[in-house]
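Engineer: The sequence shown runs 1379 to 1528 under the numbering used here.
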Amino acid sequence: MFVLLRHLRRVRGEAGLSRPDHPRSVALRHVDAGSCNACEHELTATAAPQYDLQRFGLDIVASPRHADVLLVTGAITRRMEPALFAAYDAMPEPRRVAALGDCALGCGVLADPDELAQPLDQLLRVDIRIPGCPPTPAEIAAAILAATPG
Ligand code: SF4
1379 MFVLLRHLRR
1389 VRGEAGLSRP
1399 DHPRSVALRH
1409 VDAGSCNACE
1419 HELTATAAPQ
1429 YDLQRFGLDI
1439 VASPRHADVL
1449 LVTGAITRRM
1459 EPALFAAYDA
1469 MPEPRRVAAL
1479 GDCALGCGVL
1489 ADPDELAQPL
1499 DQLLRVDIRI
1509 PGCPPTPAEI
1519 AAAILAATPG
């Protein structure tokens, strides 16, 4: 057990995430609007012990009613567009939108254009941009932490 904890401490140190000066809690509501799931794998890794975003006050929540940030992955498909707006409409103000990955940023490689709605930033105001295909857990964590007000 002691060896495991020592290993975990070393891995966390290598991740190099610094604690914000004025930490606060931020609830993230994730919506997969049409991704290949690689962005989700990297997002899941941010909750693993190496990154453990909960120690910075960041948490992925089940209900948009409890969320501060709408975290969107994937190209926005027509079928997911209503669900995306439903989640956004259910969020309390002030609410922010984060685009995770190149597809959500409108420059991805996926999908038949006929099946796509508008790029996310033409549907909603995007406050946090996390480029990459997919972005690494460290990049995801750093972008969200950088955008977290103190
Ligand atoms: S940005 Fe890349 S990894 Fe993420 S959903 Fe699109 S194709 Fe998949």
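Just so you know, even glycine gets a beta-carbon here, dropped at the ideal spot from N, CA and C.
1) Within the present structure, is the beta-carbon of residue 1441 separated from the nearest heavy atom of the ligand SF4 by less than 7 Å?
2) Kindly provide the ranges of any alpha helix (DSSP H) runs that are 4 or more residues long and lie completely inside the segment 1478-1517, ordered along the chain.
3) Can you tell me whether residue 1485 is buried or exposed, with buried defined as 16 or more other CB within 10 angstroms of its CB?
4) Just curious, the beta strand (DSSP E) that residue 1408 is in, first and last residue?
5) Cα-Cα, which of 1426, 1514, 1441, 1523 is closest to residue 1416?
6) For the putative contact between residue 1406 and residue 1449, defined by C-beta atoms under 8 Å, what is the C-beta separation to the nearest angstrom?
7) With 16 as the cutoff for other CB atoms within 10 Å, does residue 1381 come out buried or exposed?
8) Taking 6 Å as the limit, tell me which residues put their C-beta closer than that to any heavy atom of the ligand SF4, in chain order.
9) One question on the structure: do residue 1523 and residue 1434 come within less than 8 Å of each other, judged by their Cβ atoms?
10) According to DSSP, residue 1438 sits in a beta bridge with which residue or residues?
11) Leaving out five residues on either side along the sequence, give the residues of the same chain with a beta carbon under 6 Å from the beta carbon of residue 1464.
Structural biologist: With the structure as the only source:
1) Position 63 of the sequence shown, counted from the first residue, corresponds to residue 1441. Because no heavy atom of the ligand SF4 lies under 7 Å away, the Cβ of residue 1441 does not count as near it: no.
2) 1498-1501
3) As a first step, residue 1485 must be located in the sequence shown, where it is residue number 107. Residue 1485 is exposed by the Cβ-count criterion.
4) Position 30 of the sequence shown, counting from 1, holds the residue named residue 1408. Element bounds for residue 1408: 1404-1410.
5) For the purposes of this step, residue 1416 is taken as residue 38 along the sequence shown, with counting starting at 1. When each option's Cα is compared against that of residue 1416, the closest is 1514.
6) Numbered from 1 along the sequence shown, position 28 holds the residue referred to as residue 1406. Numbered from 1 along the sequence shown, position 71 holds the residue referred to as residue 1449. So it is a contact: roughly 5 Å between Cβ atoms.
7) Here residue 1381 corresponds to residue number 3 of the sequence shown, with the count starting at 1. Exposed, since its Cβ has fewer than 16 Cβ neighbours within 10 Å.
8) 1413, 1414, 1416, 1417, 1451, 1452, 1479, 1480, 1481, 1486, 1487, 1488, 1511, 1512
9) By 1-based counting over the sequence shown, the position of residue 1523 is 145. By 1-based counting over the sequence shown, the position of residue 1434 is 56. Yes, these two residues count as a Cβ contact at 8 Å.
10) Translated into the one-based positions of the sequence shown, residue 1438 becomes position 60. As a beta-bridge residue in DSSP terms, residue 1438 pairs with 1406.
11) Locating residue 1464 in the sequence shown gives position 86, where the first residue counts as 1. If we look at residue 1464 and ignore the five residues flanking it on each side, it has no Cβ neighbours.
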